[in-house]
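A.B. asks:
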Amino acid sequence: MHEDTSSSPRSDEPLTPDPERTPPADEPASQAPPPPAAPPFQSAGLDSPPAGPISPSTDPISPSIAIPPTGAATRSPAAPHDHPHSHHHLDHRGMPRSRTPLAAASLGALGVVFGDIGTSPLYALQTVFSLHHHAVGPSEADVLGVISMVVWCLLIIVTFAYIGLIMRADNQGEGGILALTALVLRKLHGPGGVGPREASVALVLGVVGAALFFGDSVITPAISVLSAFEGIEVAAAVPNAVIVPGALIVLTALFAVQHRGTGGIGRFFGPVMALWFLTLAAIGLPHLLAGPSILRALSPHHALAFMAERPFVAFIALGAVVLAITGAEALYADMGHFGRRPIAVAWLALVLPALVINYLGQGALILADPAAIANPFFTLVPEALRIPLVALSAVATVIASQAVISGAFSVARQATRLSLLPRLKVTQTSLEHGGQVYLPAINLLLFAGVVTLVLVFRRSEALAAAYGLAVTATILLVLALYLLYARRILHRPLWQVVALAAIVGGLELLLLAANIVKIPAGGWISLVIAAALTTIMLVWHRGARILFGRRRELEGPLEQFVAGPECAVRRVPGLVVYPHGDPATVPLALRTGVEMNRVLHEHVVIVTMKHIGVPHAHRDDRVHAREIGPGIVQVTYLVGFHDSQDVPSALRTAVALLGHPHEADCPDDCRRHLPALAVDADEAMYVLSVFRIEAGQEPVMPRWQKRLVRLLEKGSANRTQVLHLPPSRTVVMGAETVL
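So the number in my numbering is just where the residue sits in the sequence shown, counting from 1, plus 1013.
See the structure below:
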């Protein structure tokens, strides 16, 4: 494992994604990204631009941190024709290809990705038949209608929409609603692309969807583990008083092992989930064979007839049928952990067949024994097998929680890199899969929320209303963004987009409407969580934009500083590195040091970690450098939102690639050699610029928003850790910024 940290907008840290992409391997690597069209945080059309000479951004979601075009020619790693080498060991992201076989990766995906949707049979049908004082009865028409609804929701929403379509809209292998948002806005960037209003809508859709997903990540562990322990009531062998304490113990253990990483957890949980899905099929198949008439539910006309003949009851049933597809959004959010193909193989080969057989078996059981609606899942097995099934269910529901927890880690990291959240400490838990990360702060917040829900509600059915609303709203927002992607980027015919919106979107709207009516019964929980998180993300995004404008005023243009009289001072020995987020301005620590001491070190390196809006930067094209003044070098190191932000490592890479002649007869104008970088990276001193935020009197933001921004900044991760700087060789220089 190694630690990484996502950062907030500061002068010494990476800022946010750029619409530019990393040059592919077949382009000259010395070609720098285009000149900056605008500074960071002029984005999304959410607010008017900050005061000062700042032009509107061409990036609809976040800053453009491109390499300034002036000064000495850009230097970078060799172009392919200069230094031929093979890329067969790298994938399309420039990262090492995974050596994990497809079968092993699919097994790991079982242990992380499918736990949520795989444990839905525990409570989905039980909830359907208990709603509204048993409005849905065990009659043949009702049972066939409900089972048909469940099966076709799995086929249309999960199999067709997510596995077949949405998961193909990956951002360099990463999924989730924020990755899709960044992808849509980046692809629409440019002439004729996205406008400010359209960008604002897309950003808000992504933010609200991410907030709802976080709410789902709190509710899922609570309802899943509680539902498993409630099987004790059916077994009647253990006192019911152990349900809540047992659930809390299991949940505590789950959150305690998150630091081990989803790869290790998947290797342990994968075989357990394989056993779980085989068990689902095994306990449902005897009842299916005993009552084969339930197979009629595979025809969608039973669902349509149910809705036509008993529309009110069918509408109520839809509010709980959605529980059968909980976890669909986690499939997409967890895609970066294992990739699309292993997830699709596991779904089609094992998960979907097992779920369909089990739901059909429960339906056949209810038709044969109407009393089974009290808890149809555990009634599938004889009484002697119920305690072992409860034990296996408890383990499976722990794994179910893992799907949304790991998804929450991915979404939170994406949010920090999109300047929607402040810096968060991130631990990279896999060398092969960049998406496998652990965020201690998010883990702690999720655990606190889950424990609170368990202690307050104490029953799974009490949480069902809150659960369904979070799920349906999230999948609808994901679909809305995908429709924009399909029409504007893939250029699908209008009739295809309209058909997809009508079939999938119509079904999802029905599910959402059926859950909206349950807001007073518990759905308000999802809305409260989503509203709070949406507020935090949008306020932080807005505050970061304003702070960047203030910072630019303090720092001033870099080219003017280097060419001006400020740098005509005495030079002293030494190498000083200034991590800095905006290549167009002077690091404040550099300006302050020169003005106060009237000296400049012999070797000065300004390092910008440039986010390029994709999960991974191609490793062969990450380093770009230029000498902007005598002994003053500007290094731009490209990183994706799943790449480490290690400034000393970036400096060592730049020195190794550019600081020394690659051949004995290397000419002075060699594009792969920058003499000013012929330094010893291990002797570098690092100087950080620190800004203390104070609330000002200007009405740029309401006072409560200013206080929230200050609070979030104070709680953000330490910047020395953010950039992996050695504490013994790091100096901090500060200034005050008024918000």
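We put the beta carbon where it would ideally sit given N, CA and C, even for glycine.
On a predicted model such as this, the values are computed, not experimentally measured, just so you know.
What beta strand (DSSP E) runs, 3 residues minimum, are completely inside the stretch 1125-1189?
C.D. replies: None, since the stretch 1125-1189 contains no complete beta strand (DSSP E) of that length.
A.B. asks: What is the DSSP secondary structure of Met1698, counted as helix, strand or coil?
C.D. replies: Your numbering for residue 1698 matches position 685 in the sequence shown. DSSP places Met1698 in strand when its eight states are reduced to three.
A.B. asks: Residue range of the alpha helix (DSSP H) that Ala1597 falls in?
C.D. replies: For the purposes of this step, residue 1597 is taken as residue 584 along the sequence shown, with counting starting at 1. Here Ala1597 belongs to no alpha helix (DSSP H), and DSSP marks it neither H nor E.
A.B. asks: What residues in its chain sit with their C-beta under 8 angstroms from that of Ser1099, if we drop five residues either side in the sequence?
C.D. replies: Position 86 of the sequence shown, counting from 1, holds the residue named residue 1099. In this prediction, Ser1099 has a pLDDT of 37, which is less than 50 and means its spatial position is unreliable; nothing more can be read from the coordinates.
A.B. asks: Considering Cα atoms alone, identify which of Pro1383, Val1424, Gly1121 and Ala1215 is closest to Val1149.
C.D. replies: On the sequence shown, position 136 is the one that residue 1149 refers to. Selected option, being the one with the closest Cα: Pro1383.
A.B. asks: Taking 9 angstroms as the cut-off, decide whether the C-beta atoms of Thr1621 and Val1636 are in contact.
C.D. replies: Here residue 1621 is taken as the residue at index 608 of the sequence shown, counted from 1. Here residue 1636 is taken as the residue at index 623 of the sequence shown, counted from 1. In this structure, Val1636 does not lie closer than 9 angstroms to Thr1621 by Cβ.
A.B. asks: Nearest to Leu1434 by CA position, among Ile1386, Leu1546, Val1326 and Ser1414, is which residue?
C.D. replies: Walking along the sequence shown from the start, residue 1434 turns up at place 421. Answer by Cα proximity: Leu1546.
A.B. asks: Using alpha carbons as the reference points, say which of Glu1396, Pro1740 and Ile1559 lies closest to Pro1715.
C.D. replies: For the purposes of this step, residue 1715 is identified with residue 702 of the sequence shown, where counting begins at 1. The shortest C-alpha separation from Pro1715 is found at Ile1559.
A.B. asks: Relative to the C-alpha of Leu1437, which candidate in Ala1266, Val1744, Val1735 and Gly1128 has its C-alpha closest?
C.D. replies: Here residue 1437 refers to the residue found at position 424 when the sequence shown is read from its first residue. Nearest C-alpha to Leu1437: Val1735.
A.B. asks: Gly1594 to Lys1623, Cα distance in whole Å?
C.D. replies: For the purposes of this step, residue 1594 is taken as the residue at position 581 of the sequence shown. For the purposes of this step, residue 1623 is taken as the residue at position 610 of the sequence shown. Approximately 7 angstroms between the Cα atoms of the pair.
A.B. asks: According to the Cβ coordinates, are Leu1311 and Ser1539 closer than 9 angstroms?
C.D. replies: Here residue 1311 is taken as the residue at index 298 of the sequence shown, counted from 1. Here residue 1539 is taken as the residue at index 526 of the sequence shown, counted from 1. No, these two residues do not count as a Cβ contact at 9 angstroms.
A.B. asks: Applying the criterion that 16 or more other CB atoms from any shown protein chain within 10 Å of the CB defines a buried residue, is Leu1459 buried or exposed?
C.D. replies: As a first step, residue 1459 is located in the sequence shown; it is residue number 446 there, counting from the start. Per the 10 Å Cβ criterion, buried.
A.B. asks: How long is the line joining the alpha carbons of Leu1476 and Gln1718, rounded to whole angstroms?
C.D. replies: By one-based count along the sequence shown, residue 1476 stands at place 463. By one-based count along the sequence shown, residue 1718 stands at place 705. The alpha-carbon atoms of Leu1476 and Gln1718 are separated by roughly 32 angstroms.
A.B. asks: What is the rounded straight-line gap between the Cα of Leu1120 and the Cα of Val1469?
C.D. replies: Your numbering for residue 1120 matches position 107 in the sequence shown. Your numbering for residue 1469 matches position 456 in the sequence shown. Cα to Cα, Leu1120 sits roughly 36 angstroms from Val1469.
A.B. asks: If Ala1341 sits next to Gly1188, beta carbons under 8 angstroms apart, how far is it from one beta carbon to the other, in whole angstroms?
C.D. replies: If you number the sequence shown from 1, residue 1341 lands on position 328. If you number the sequence shown from 1, residue 1188 lands on position 175. Incorrect: roughly 12 angstroms between the Cβ atoms, too far for contact.
A.B. asks: Among Val1231, Phe1328, Val1617 and Ala1174, which one has its Cα closest to the Cα of Leu1513?
C.D. replies: Residue numbering aside, residue 1513 sits at position 500 when the sequence shown is read from its first letter. The shortest Cα separation from Leu1513 among Val1231, Phe1328, Val1617 and Ala1174 belongs to Ala1174.
A.B. asks: Please report how far the alpha carbon of Leu1567 lies from the alpha carbon of Thr1598, in whole angstroms.
C.D. replies: Start at 1 with the first residue of the sequence shown, and residue 1567 comes out as number 554. Start at 1 with the first residue of the sequence shown, and residue 1598 comes out as number 585. Whole-angstrom Cα-Cα distance: 9 angstroms.
A.B. asks: Between which two residues does the beta strand (DSSP E) carrying Arg1639 extend?
C.D. replies: For this step, residue 1639 is matched to residue 626 along the sequence shown. Note, Arg1639: beta strand (DSSP E), Val1636 to Gly1642.
A.B. asks: Select from Gly1672, His1673, Gly1518 and Leu1687 the residue whose C-alpha is nearest the C-alpha of Ile1169.
C.D. replies: For the purposes of this step, residue 1169 is identified with residue 156 of the sequence shown, where counting begins at 1. Minimum Cα distance to Ile1169 is reached at Gly1518.
A.B. asks: Does Ser1741 come out as helix, strand or coil in the three-state DSSP assignment?
C.D. replies: Along the sequence shown, read from residue 1 onward, the residue named residue 1741 stands at position 728. Here Ser1741 sits in helix by DSSP.
A.B. asks: Excluding sequence positions up to five away, which residues of its chain have a Cβ less than 6 angstroms from the Cβ of Thr1485?
C.D. replies: Position 472 of the sequence shown holds residue 1485. Contacts found: Val1335, Leu1524, Leu1525 and Asn1528.
A.B. asks: Which residue wins for smallest C-alpha separation from Leu1198, given the options Leu1494, Ser1143, Gly1672 and Arg1426?
C.D. replies: Position 185 of the sequence shown, counting from 1, holds the residue named residue 1198. For the residues Leu1494, Ser1143, Gly1672 and Arg1426, the minimum Cα distance to Leu1198 belongs to Leu1494.
A.B. asks: For His1146, count the other beta carbons within 10 Å of its own beta carbon; 16 or more makes it buried, fewer makes it exposed. Which is it?
C.D. replies: Position 133 of the sequence shown, counted from the first residue, corresponds to residue 1146. That one is exposed.
A.B. asks: Residues in the same chain with beta-carbon distance under 6 angstroms from Ile1502, minus the five sequence neighbours each way, listed in chain order, please.
C.D. replies: Locating residue 1502 in the sequence shown gives position 489, counting from the first residue. Here the set comprises Lys1200.
A.B. asks: Using DSSP bridges, identify the partner residues of Met1550.
C.D. replies: The residue labelled residue 1550 in the question sits at position 537 within the sequence shown. Per DSSP, none; premise fails for Met1550.
A.B. asks: Can you tell me where the alpha helix (DSSP H) holding Leu1373 begins and where it ends?
C.D. replies: Looking up residue 1373 in the sequence shown gives position 360. Residues Leu1365 to Ala1381.
A.B. asks: How many Å lie between Asp1693 and Ala1421 at the Cα?
C.D. replies: Residue 1693 sits at position 680 when you count from the first residue of the sequence shown. Residue 1421 sits at position 408 when you count from the first residue of the sequence shown. So the alpha carbons of these two residues sit roughly 41 angstroms apart.
A.B. asks: Please list the terminal residues of the continuous beta strand (DSSP E) segment that includes Met1649.
C.D. replies: Within the sequence shown, the letter at position 636 stands for residue 1649. Checking the sequence, you will find Thr at residue 1649 rather than Met. Thr1649 -> beta strand (DSSP E) spans Ile1645 to Val1652.
A.B. asks: Residues in its own chain within less than 8 angstroms of Ala1085 by CB, not counting five upstream and five downstream?
C.D. replies: Taking the first residue of the sequence shown as 1, we reach residue 1085 at position 72. Residue confidence for Ala1085 is low, a pLDDT of 37 falling below 50, so the modelled location carries little weight and cannot support an answer.
A.B. asks: So does the stretch 1124-1131 actually touch the stretch 1369-1377, counting three or more Cβ pairs closer than 8 angstroms?
C.D. replies: Touching, no.
A.B. asks: Out of Ala1318, Ile1262, Ala1337 and Val1552, state which residue places its alpha-carbon closest to the alpha-carbon of Val1141.
C.D. replies: Along the sequence shown, read from residue 1 onward, the residue named residue 1141 stands at position 128. That would be Ala1337, whose Cα lies nearest to the Cα of Val1141.
A.B. asks: Kindly list the residues whose CB is nearer than 7 angstroms to the CB of Val1263, restricted to its own chain and excluding five residues on each side of it in sequence; keep chain order.
C.D. replies: Counting from one through the sequence shown, the residue named residue 1263 turns up at place 250. The residues are Val1238, Ala1407 and Val1411.
A.B. asks: Straight-line CA distance for Leu1664 to Leu1588?
C.D. replies: By one-based count along the sequence shown, residue 1664 stands at place 651. By one-based count along the sequence shown, residue 1588 stands at place 575. Approximately 11 angstroms between the Cα atoms of the pair.
A.B. asks: Pro1661: buried (16+ other C-beta within 10 angstroms of its C-beta) or exposed?
C.D. replies: Locating residue 1661 in the sequence shown gives position 648, counting from the first residue. By the 10 Å Cβ count, Pro1661 comes out buried.
A.B. asks: For Thr1733, which three-state DSSP category applies?
C.D. replies: Position 720 of the sequence shown, counted from the first residue, corresponds to residue 1733. Note: Thr1733 maps to helix in three-state DSSP.
A.B. asks: With a floor of 3 residues, list each beta strand (DSSP E) that falls wholly inside the stretch 1408-1496, ordered by position along the chain.
C.D. replies: Qualifying beta strand (DSSP E) stretches, in chain order: 1437-1441.
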